[in-house]
Amino acid sequence: MDKLNAVPTFSIVNEDGGQVAMMDAVGETRACCWFTDAAEARAILKVMQEANPTAGLKLACHGLGGAFTVCNGWKTDEGTQAAKSAAGENIELRLQGNHHLANTTAPRLRELLAEHGFDPGCWTLPVFLCDRLASASFFPVFLSPRDLAVVWEKSGRKKEELPKDITVMDLRMLVQQWQTDANPWEIFHLVGSTEGAALAAELTGAPPPDESNGAPTGAQGAAEAGMEAEEEEEEEEVMV
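Going by our numbering, the sequence shown opens with residue 3, and the numbers climb by one from there.
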């Protein structure tokens, strides 16, 4: 749970702190969303404030682990991805990544989730991994390929050498793998965005992130792991 909570999510709440549901883009379903993309959270809040100027709407910050639990990310039969409004209306509970990334990857992720025994439910959340950025002690996991690319360059590698075969899976599949003996879960670390860390600091009063040059939060450790991995590759080539 601590690994997940290292990354912030954002939801829209009323002046009393209650979660606010919104209509989805299709206009058929209302949902409470926990956003991982800070820019999208800000933009959607602005639209909702303009439409409801007296509602006292604002953003609240939650750890990804807490949001994952609320949205029934754990593989259980008892959980649900829906709630009821005061009027008895069904409200979906969604972890919402960047809309473009989520929409682009959703068809394949839903297939993979079903193959691994998950009910995809009403949301998917892609995560991105690159073996060549991993070392024996640190394996970074990203919520955005942009952040992965930033760390790739920060580790001293050339932009044009960024691998094309980036692994993409749903967060639920990754968490399930963390819970097996086959994976050294302690080396995996979620790398959040600088924008997300800055918004979290703004909302909670915590110290702002000290990463520079637009690097995502946790990028220093990820970049050091990438450099270590590159050194390990070079050593293997020499041994061969």
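Quick reminder that beta carbons are idealized off the backbone N, C-alpha and C, glycines included.
Bear in mind the structure is a predicted one, so any value in this text is a computation, not a measurement.
_Relative to the C-alpha of methionine 3, which candidate in Gly207, Ala184, Arg174 and Ala199 has its C-alpha closest?_
Arg174
*asked:* Rounded to the nearest angstrom, what separates phenylalanine 2 and lysine 166 at their Cα positions?
replied: Residue 2 is absent from the structure shown; the chain starts at 3 and stops at 242.
*Figure out for me which residue from Glu163, Lys161 and Cys73 has the closest Cα to the Cα of cysteine 34.*
Cys73
*Under a three-way DSSP split, which group does leucine 59 fall into?*
coil
*Would you report the Cα separation of threonine 71 and histidine 64, rounded to the nearest angstrom?*
11 Å
_Quick check: what's the CA-CA separation for aspartate 183 versus asparagine 16?_
43 Å
*Taking threonine 38 as part of the alpha helix (DSSP H), name the residues at either end of that continuous run.*
It is not in any alpha helix (DSSP H) - threonine 38 carries neither H nor E in the DSSP assignment.
*asked:* Which residues does DSSP list as the beta-bridge partners of arginine 32?
replied: Met25
*Should tryptophan 36 and leucine 97 be called a contact, given that it needs their Cβ atoms to be closer than 9 Å?*
In this structure, tryptophan 36 sits near leucine 97, with a CB-CB distance shorter than 9 Å.
*How big is the Cα-Cα spacing for leucine 135 and leucine 111?*
23 Å
*Closest by CA to lysine 48, which one among Ala203, Pro122 and Ile14?*
Ile14
*Between histidine 101 and the rest of its own chain, which residues show a CB-CB distance below 7 Å, the 5 nearest in sequence each way excluded?*
Glu42
*asked:* Distance check for isoleucine 46 and alanine 23, CA to CA, integer angstroms please.
replied: Their Cα atoms are separated by approximately 12 Å.
*Taking the alpha-carbon positions, what's the cysteine 132 to isoleucine 168 distance?*
5 Å
*Determine the contact status of leucine 176 and valine 143, defining contact as a CB-CB distance below 9 Å.*
yes
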